[in-house]
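Read the structure below first, then the notes.
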Amino acid sequence: MPQPHEILFKTLADPTRRAIFERLCRDGDQTVAALTARAGVSQPAVSKHLGVLKQAGLVRDRHEGRNTHYSAELGALAPLIDWTNQMAGFWQSRFDNLEDLLKRMD
3 MPQPHEILFK
13 TLADPTRRAI
23 FERLCRDGDQ
33 TVAALTARAG
43 VSQPAVSKHL
53 GVLKQAGLVR
63 DRHEGRNTHY
73 SAELGALAPL
83 IDWTNQMAGF
93 WQSRFDNLED
103 LLKRMD
């Protein structure tokens, strides 16, 4: 079973999907039509990308009449933030060890 951060990396690896998510983060709640107008791909393609983002927990939808509005779920990025913090700690420790080694070699 993939780890949560792996699912998010895989979901956001697609540049069109990542651009849609970034647009929702930056501009807030948007309809499928508004996202399609700026996506450079067809409405069915945007809808498919939104479905993948929703399945990963990165967006939520809200139906209003015949329109569906999507918004970013920023809290869903927590596994990526946690993973990044772990990796930063790992590399900081490695760099500290390298620095100590270089000082001893001088």
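Take the sequence shown: its position 76, counting from 1, is numbered 78 in the numbering used here, and each next residue is one higher. All C-beta atoms, glycine included, are put in the ideal place defined by N, C-alpha and C. Predicted, not measured: the structure shown is a model, and the values here were computed from it.
Going by DSSP, what residues sit across from residue i in a beta bridge?
| i | result |
| --- | --- |
| S73 | R62 |
What first and last residue would you give for the alpha helix (DSSP H) that runs through residue i?
| i | result |
| --- | --- |
| D31 | That residue, D31, is in no alpha helix (DSSP H); it is neither H nor E in DSSP. |
| A2 | In the structure as shown, the chain starts at 3 and stops at 108, and residue 2 therefore has no counterpart that could be examined. |
| R106 | A80 to M107 |
Is the beta carbon of residue j closer than 8 Å to that of residue i?
| i | j | result |
| --- | --- | --- |
| T13 | A41 | no |
| L60 | F11 | no |
| D31 | H65 | no |
| T38 | V48 | yes |
Residue i to residue j, Cα distance in whole Å?
| i | j | result |
| --- | --- | --- |
| A74 | P4 | 22 Å |
| L76 | R28 | 11 Å |
What residues in its chain sit with their C-beta under 8 Å from that of residue i, if we drop five residues either side in the sequence?
| i | result |
| --- | --- |
| L82 | H7, L10 and F11 |
Going by beta carbon distance, what residues of the same chain come within less than 7 Å of residue i, once the five residues before and after it are set aside?
| i | result |
| --- | --- |
| V43 | T18 |
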